[in-house]
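Engineer: Sequence order for the protein chains is V and H. With the working numbering applied, the first sequence closes on residue 292, and no number is skipped along the way. With the working numbering applied, the second sequence closes on residue 1488, and no number is skipped along the way. The structure's right below; bear with me while I get my questions together.
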Amino acid sequence: MASELVHRFESVQQVRDGLRDIDYLADDGIAGVAYLADRLGKPVLVEGPAGTGKTQLAKSIAEMTGARLIRLQCYEGMDESKALFEWNYKKQLLRIQADKNSESWTDIHDDIFSDEFLLTRPLLEAITADDPVVLLIDEVDRVEVETEALLLEILSEYQVSIPELGTIEAKQIPLVFLTSNNTRELSEALKRRCLFLHVDYPSMEREREIVLAKVPGVTDSLAEQIARVVRSIRSLDLKKAPSVSETIDWARTLLLLNIETIDETVAKETLHILLKYQTDIAKAAKDLSVDE
Amino acid sequence: MSATETRSMLDLLNGFVVQLREAGLPVSLTENLDAMDAVQHIPIEDREAFKYALGATLVKNQAHWRSFETVFEVYFSLRGPEYKLANSDGESSELDDLWREMQDASQEGDGRGGAGSLDALTPEEIAHLLMQALMQGDQALMKALARQAVQRFAGMEPGRPVGGTYYLYRTLRNLDLDGMLAKMADAANHGQESDAGRLEQRLEREEFEHRITEFKAEVEAEIRRRLVADRGAEAMAKTLRKPLPEDVEFMHASREEMVSLRKALQPLTRKLAARLARKRRHGRKGPLDFRNTVRHSLSYGGVPAEPKFKYPRPAKPELMVVADISGSVAAFARFTLMLVYAISNQFSKVRSFVFIDGIDEVTDYFKATEDITEAIHRVNTEADVVWVDGHSDYGHAFEVFWERYGKDISPKTTVLLLGDARNNYHASQSWVIKEMRMKARHVYWLNPEPKSYWNTGDSIVGEYGNFTDGVYECRNLRQLEGFVEKLA
C-alpha cells in the first residue's frame, strides 16, 4: 500500500456522536462499519432500498471528517474515460502541430504522454488528491459486470495503472463508499474487496429521531405519529415502500399545513407524498380506512 | 492483544467460520482474514459491534444475514459475561430488585406484598405483569419475564434431543399472547377518551403487536441460550440452523421464506433476460456508423482516423411460459406464478399460459396489474384451466395449446415448460413437444420434483424430456440459478 494508515476515528462511539452532531443518526451497524472501514482501510459497499440514506452516509462522513467528497455517479455504459482518466487528444494534437520541425519524435512522444495532457476523472482524482477526500461511487449496480472490473484495482490496491505513464499510487488512503440498490447481483470479486453494510428502513424509534433532527419545528408527538403511520404503511405489500426521505418530506408538508395530529382524512389526503405509485396509494388508502 | 490471546481468538474465529460454511454461507479465505483483522479493532465484549464487524467482513449478501445471525447467536451465546443463564446468582437478584421496584411503584400488588421474587408469582400474576410490561414497552421487564416464562413453562429437560420449536410452542401456549393482544387493545381504548381517532387505535394496536413480536424473539433467544448451555454450541448449531434462501425448497417454503424468495427472484430474471438476448455489445459486426465517424474525425483535423461502427441490435427474446398450477405442485405453482410475473417485467414479449387439464392464456392478468398478489389471485380464480375433473392432464393441455397457440411459436421463441409431468396416466401427446421444438428456438422443462422421483408412478417427464433441449431439476433458487447459467 502506498502510505500508512492515518486513523480518523477513535472509537465506534465517536463515529456515532460525530454523525449525530451533523444530524445523521447512525445505528450500531452503520457506525461500526464506518469505524472498521477507517481502521482496516477498506472500501464499504452500502446496499439497501432506495432513499434510506446510503448516499447521505458518505456525504455526512465527509462533512464530519472535513474531507472533500468526490462523487462518481455510475450509469450504464460508463467506461474508463469517464471513471478513471482520459488523454486530452486535442491538446496533444495542438502540441504536435505547434512545433513540427524542432524536436525529435521521442521528445514529443514522451512529452505528449505526461501529466499535462492527462484529464483526471473522479477515481484518479480521489487517489491523487493531497487533501483528505471521501470517494463516493454511487449506484454501482448500474454499470455492467464488465465495467465493474475497472474499480477492482483502485479498491484493493488504491492505485491506477496508466499504460503510458505507469502506476499512480495513492498519496493517502481515502474512505471509499460504494452504494447499490441491489437491482443486480454484484460480482464476487467486487464484494470480496469491500466491507458489506446493509442499510434498511430504520426502526420506528430511529425514524422518529430522524424526523425530529431533520425537520425543525416538529413536535414530539407528531414525530411519533408520523413514524408509526410510516411503519404501518411499510408493513403493507407495496411496489415501493416509503423511504426515509419521503417520510421527511411528509413531515415537512404536515408542518406547512399546520397539522398537529394526524387523523384518517389527513393521512389519506397527503399519501401521495409518501407513495409514488397510484396502485400503492389506493392500497394504502383502503387499508387505512378499514378498521381492524 | 498478546500472542496467546490472538491465538485463542484465531481458534474461536476459525470454529465460527467452519460453522458458517456448514450452514452454506460462502466464506472465502480473504474474507476470513479480514474478519481476523476486524476483531483486532472491536472488542468481543461489545457484542453488537462485534457482530456487525463479523457480519460486514463475512456476509456479503443481505439474504444470508438471518442465517449468519442464528449461527452467531448459537456460537457466541455463552461467550460473554452478560449472557449467562438466569439462574446464576447475580442475574436473579437483579431481576428481583426490578420486581420489588415495580411493586413499590405501583400499588397494585394487593395482598402479595410479601413475595419478593418473580419465582413466587402465580401464572396469573405473571400474565398480568407481562401485559403491563407490553403496554408500557418496558424492555427490561419484558426481558426478565421472557426468562421467567421459559424457566417456568417450557419444561426443558437436560439432554433431551428436541429442537427449540417444541419448547417455544409450549411456552407461548401457556402465555396466550393472542388473547393478551385483545385485552391490551381493550385496556388501551378504555383508558383513553373515546374520541381518539380510529387511526390512533389502529396504530396503538400495531405497536402492541410489534412489542409482542419482540417478546417472542426474546423467548426464542432464551430457549436457544438454554439449549446451547445444555448440549453445547456444536451440537445445537446443526439443529437450529436456518437454510439460506437459495436452498429453501419451493415445495415446502413457509410464507416468510416465500417473501425472501420473491425478493431474490428479481435479479435472477434480469440475468435470464440478458442470457436469452445474448447481448453482443463487443465485437464489430455492425455496419459503419457514418455520422459518428465524421463527428470523431474532427479531432483528427477531418481525417476519419477512427471509424465508428453501429452495434448490432440484440435480438428481442420472445418467451412462452407454460406452467402447471394443479394441486400436486400447488406450492411450486405459486412460485411459478411469481417467476412468470417477474419474467414478464423483464422481457418485451412474454406470453404466459397455465393449465391443469385445460389450458388458458394469462398474459393479460399480469399486464393489467402491478400488484402480484392480485394477479395471482386472478389467475387462480378466473383462468379457465379445468376441462373435466381438475386433475392434471398434460396431454390434453398440450394438445389444446398446440391447436390454439402453436402458430404463434416462431424461430425466435423460447418455450419454458414448468411442471412435475405427473399425468394421471392420461395419454402423453408428446408429439406436441416434438413439433414445438422443431419450430421454436429452444424448449426447456423445469421440474420441481427431486430427480430421484422422476419417471416413478405417473411421472412421465422422461418421455417429454426426450423432445426438449433439456429437463432441469428446479427445487430451489440455487438450481434455478444454475439453469440460467447453463443457458449461456
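For each residue, glycine too, the CB sits at the ideal point set by N, CA and C. Keep in mind that this is a model prediction, so the values were computed, not measured.
Starting from the beta carbon of residue 232(V), find every residue of chain H whose beta carbon is closer than 8 angstroms, and list them in chain order.
Structural biologist: Numbered from 1 along the first sequence, position 232 holds the residue referred to as residue 232(V). Within chain H, the residues near residue 232(V) are 1202, 1203 and 1206.
Engineer: If you measure between the beta carbons of residue 1414(H) and residue 1437(H), is that distance less than 7 angstroms?
Structural biologist: Taking the first residue of the second sequence as 1, we reach residue 1414(H) at position 414. Taking the first residue of the second sequence as 1, we reach residue 1437(H) at position 437. No, the Cβ-Cβ distance between residue 1414(H) and residue 1437(H) is not below 7 angstroms.
Engineer: I'd like to confirm the pairing. Which residues does DSSP put opposite residue 161(V) in its beta bridges?
Structural biologist: For the purposes of this step, residue 161(V) is identified with residue 161 of the first sequence, where counting begins at 1. According to DSSP, which records beta bridges pairwise, residue 161(V) is partnered with 167(V).
Engineer: Counting C-beta neighbours from all protein chains within 10 Å, is the total for residue 959(H) 16 or more, i.e. buried, or is it exposed?
Structural biologist: What is shown of chain H runs 1001 to 1488, which leaves residue 959(H) out entirely.
Engineer: Looking at residue 173(V) and residue 48(V), is the spacing between their C-beta atoms short of 7 angstroms?
Structural biologist: Looking up residue 48(V) in the first sequence gives position 48. Looking up residue 173(V) in the first sequence gives position 173. No, Cβ-Cβ distance for residue 48(V) and residue 173(V) is not below 7 angstroms.
Engineer: One question on the structure: do residue 961(H) and residue 1423(H) come within less than 7 angstroms of each other, judged by their Cβ atoms?
Structural biologist: There is simply no residue 961(H) to check, as chain H begins at 1001 and stops at 1488 in what is shown.
Engineer: If the cut is a Cβ gap below 9 angstroms, which residues of chain V does residue 1065(H) touch?
Structural biologist: Taking the second sequence and counting its residues from 1, one reaches residue 1065(H) at position 65. By Cβ distance, chain V contributes 198.
Engineer: At a CB distance below 9 angstroms, what residues from the region 32-58 of chain V approach chain H? Give them in sequence order.
Structural biologist: Those would be 32, 33, 35, 36, 37, 39, 40, 42, 44, 45, 47 and 48, in chain order.
Engineer: For residue 216(V), does the count of other Cβ atoms within 10 angstroms reach 16, so buried, or fall short, so exposed?
Structural biologist: Here residue 216(V) refers to the residue found at position 216 when the first sequence is read from its first residue. Counting Cβ neighbours within 10 Å, residue 216(V) comes out exposed, since fewer than 16 surround it.
Engineer: Looking at chain V, is there any beta carbon in it that lies within less than 7 angstroms of the beta carbon of residue 1539(H)?
Structural biologist: Nothing about residue 1539(H) can be reported from this structure: the residues present for chain H run from 1001 to 1488 only.
Engineer: Once you ignore the five residues that flank residue 7(V) on each side, which residues in its own chain have a CB closer than 7 angstroms to its CB?
Structural biologist: The residue given as residue 7(V) occupies position 7 in the first sequence. 38 and 39.
Engineer: Please check if any C-beta of chain H sits within less than 7 angstroms of the C-beta of residue 89(V).
Structural biologist: Sequence index remark: in the first sequence, residue 89(V) carries index 89 (1-based). Yes, residue 89(V) lies at the interface with chain H (some Cβ there is under 7 angstroms from its Cβ).
Engineer: Span of the alpha helix (DSSP H) holding residue 1030(H)?
Structural biologist: As a working note, residue 1030(H) is residue 30 in the second sequence. That run of the alpha helix (DSSP H) goes 1029-1039.
Engineer: Please name the residue in 1363(H), 1177(H) and 1027(H) whose C-alpha comes closest to that of residue 1061(H).
Structural biologist: Mapped onto the second sequence, residue 1061(H) falls at position 61. The candidate whose alpha carbon is nearest that of residue 1061(H) is 1027(H).
Engineer: Measure the alpha-carbon distance for residue 139(V) versus residue 1127(H) and round it to whole angstroms.
Structural biologist: Counted from its first residue, the first sequence places residue 139(V) at position 139. Counted from its first residue, the second sequence places residue 1127(H) at position 127. Rounded to the nearest angstrom, the two C-alpha atoms are 50 angstroms apart.
Engineer: List the residues of chain H that residue 262(V) touches, going by C-beta distances under 8 angstroms, in chain order.
Structural biologist: The residue you call residue 262(V) lines up with position 262 of the first sequence. In chain order: 1199.
Engineer: Taking DSSP's pairing of strands, which residues face residue 46(V) in a bridge?
Structural biologist: If you number the first sequence from 1, residue 46(V) lands on position 46. Note: residue 46(V) sits in a beta bridge opposite 179(V) and 197(V).
Engineer: Curious, which full-length alpha helix (DSSP H) runs of at least 4 residues does the region 1197-1275 of chain H contain?
Structural biologist: With a minimum length of 4 residues, the continuous alpha helix (DSSP H) runs that stay inside the region 1197-1275 of chain H are 1198-1231 and 1233-1240.
Engineer: Report back the beta-carbon spacing between residue 1321(H) and residue 1297(H) to the nearest angstrom; my notes put them in contact at under 8 angstroms.
Structural biologist: One-based indexing of the second sequence puts residue 1321(H) at position 321. One-based indexing of the second sequence puts residue 1297(H) at position 297. The pair is not a contact, with the Cβ atoms about 48 angstroms apart (cut-off 8 angstroms).
Engineer: Which residues of the region 14-29 of chain V have a Cβ closer than 7 angstroms to any Cβ of chain H? Give them in chain order.
Structural biologist: Here the close residues are 28 and 29.
Engineer: When DSSP labels each residue in this structure, what does residue 172(V) get in the three-state scheme?
Structural biologist: In the first sequence, counting from the first residue as 1, residue 172(V) sits at position 172. Here residue 172(V) sits in coil by DSSP.
Engineer: From which residue to which residue does the alpha helix (DSSP H) around residue 298(V) run?
Structural biologist: Residue 298(V) cannot be examined here, being either before or after the span of chain V that is shown, 1 to 292.
Engineer: Measure the CB-CB distance between residue 1362(H) and residue 1379(H) and report whether it falls below 7 angstroms.
Structural biologist: Here residue 1362(H) refers to the residue found at position 362 of the second sequence. Here residue 1379(H) refers to the residue found at position 379 of the second sequence. Contact flag set, yes.
Engineer: Using CA atoms only, rank isn't needed, just tell me which of 120(V), 207(V), 57(V) and 32(V) is closest to residue 1049(H).
Structural biologist: Counting from one through the second sequence, the residue named residue 1049(H) turns up at place 49. Looking at the Cα atoms, 32(V) is the closest of the given residues.
Engineer: Just the chain V side, please: which residues come within less than 7 angstroms of residue 1349(H) by C-beta, in chain order?
Structural biologist: Numbered from 1 along the second sequence, position 349 holds the residue referred to as residue 1349(H). In chain order: nothing, as chain V lies at least about 22 angstroms away.
Engineer: Of all the residues that make up the region 1049-1075 of chain H, which are near chain V by a beta-carbon distance shorter than 9 angstroms?
Structural biologist: Residues 1049, 1050, 1051, 1052, 1053, 1055, 1056, 1057, 1058, 1059, 1060, 1061, 1062 and 1065.
Engineer: Any idea what DSSP makes of residue 1384(H), helix, strand or coil?
Structural biologist: Within the second sequence, the letter at position 384 stands for residue 1384(H). In the structure shown, residue 1384(H) sits in coil (DSSP, three-state: anything other than H, G, I, E or B).
Engineer: Can you tell which of 45(V), 19(V), 11(V) and 222(V) has its C-alpha closest to the C-alpha of residue 180(V)?
Structural biologist: Counting from 1 along the first sequence, the entry for residue 180(V) is found at position 180. Out of 45(V), 19(V), 11(V) and 222(V), 45(V) has the C-alpha closest to the C-alpha of residue 180(V).
Engineer: Taking residue 271(V) and residue 251(V) to be in contact with their CB atoms under 8 angstroms, please state how far apart those CB atoms are, rounded to whole angstroms.
Structural biologist: Translated into the one-based positions of the first sequence, residue 271(V) becomes position 271. Translated into the one-based positions of the first sequence, residue 251(V) becomes position 251. At roughly 14 angstroms, the Cβ-Cβ gap does not stay under 8 angstroms, so residue 271(V) and residue 251(V) are not in contact.
Engineer: Would you say residue 1343(H) and residue 1269(H) are within 7 angstroms of each other, going by their C-beta atoms?
Structural biologist: Here residue 1343(H) refers to the residue found at position 343 when the second sequence is read from its first residue. Here residue 1269(H) refers to the residue found at position 269 when the second sequence is read from its first residue. Cβ atoms of residue 1343(H) and residue 1269(H): closer than 7 angstroms.
Engineer: I'd like to know whether the C-beta of residue 291(V) is nearer than 7 angstroms to at least one C-beta of chain H.
Structural biologist: The residue you call residue 291(V) lines up with position 291 of the first sequence. Residue placement at residue 291(V) is poorly supported in this model, since its pLDDT is 48, which falls under 50; the coordinates still yield a value, given next. Yes, contact with chain H.
Engineer: Given that residue 229(V) touches chain H, what residues does it touch there, using C-beta distances under 8 angstroms?
Structural biologist: Indexing the first sequence from 1 puts residue 229(V) at position 229. Within 8 angstroms Cβ-Cβ: 1199 and 1203.
Engineer: Helix, strand or coil for residue 1122(H)? Go by DSSP, reduced to three states.
Structural biologist: Taking the first residue of the second sequence as 1, we reach residue 1122(H) at position 122. DSSP places residue 1122(H) in coil when its eight states are reduced to three.
Engineer: Residue 1270(H) touches chain A at which residues, Cβ-Cβ below 7 angstroms?
Structural biologist: Among the protein chains in the structure shown, which are V and H, there is no chain A.
Engineer: Kindly list, in the order they appear in chain H, the residues whose Cβ is closer than 8 angstroms to that of residue 12(V).
Structural biologist: If you number the first sequence from 1, residue 12(V) lands on position 12. Within chain H, the residues near residue 12(V) are 1042, 1046 and 1049.
Engineer: Would you kindly work out how many angstroms separate the C-alpha atoms of residue 1115(H) and residue 1122(H), rounded to a whole number?
Structural biologist: As a first step, residue 1115(H) is located in the second sequence; it is residue number 115 there, counting from the start. As a first step, residue 1122(H) is located in the second sequence; it is residue number 122 there, counting from the start. With a pLDDT of only 40 at residue 1115(H), under the threshold of 50, the placement of this residue in the model should not be trusted; the figure read from the coordinates follows. Their Cα atoms are separated by approximately 11 angstroms.
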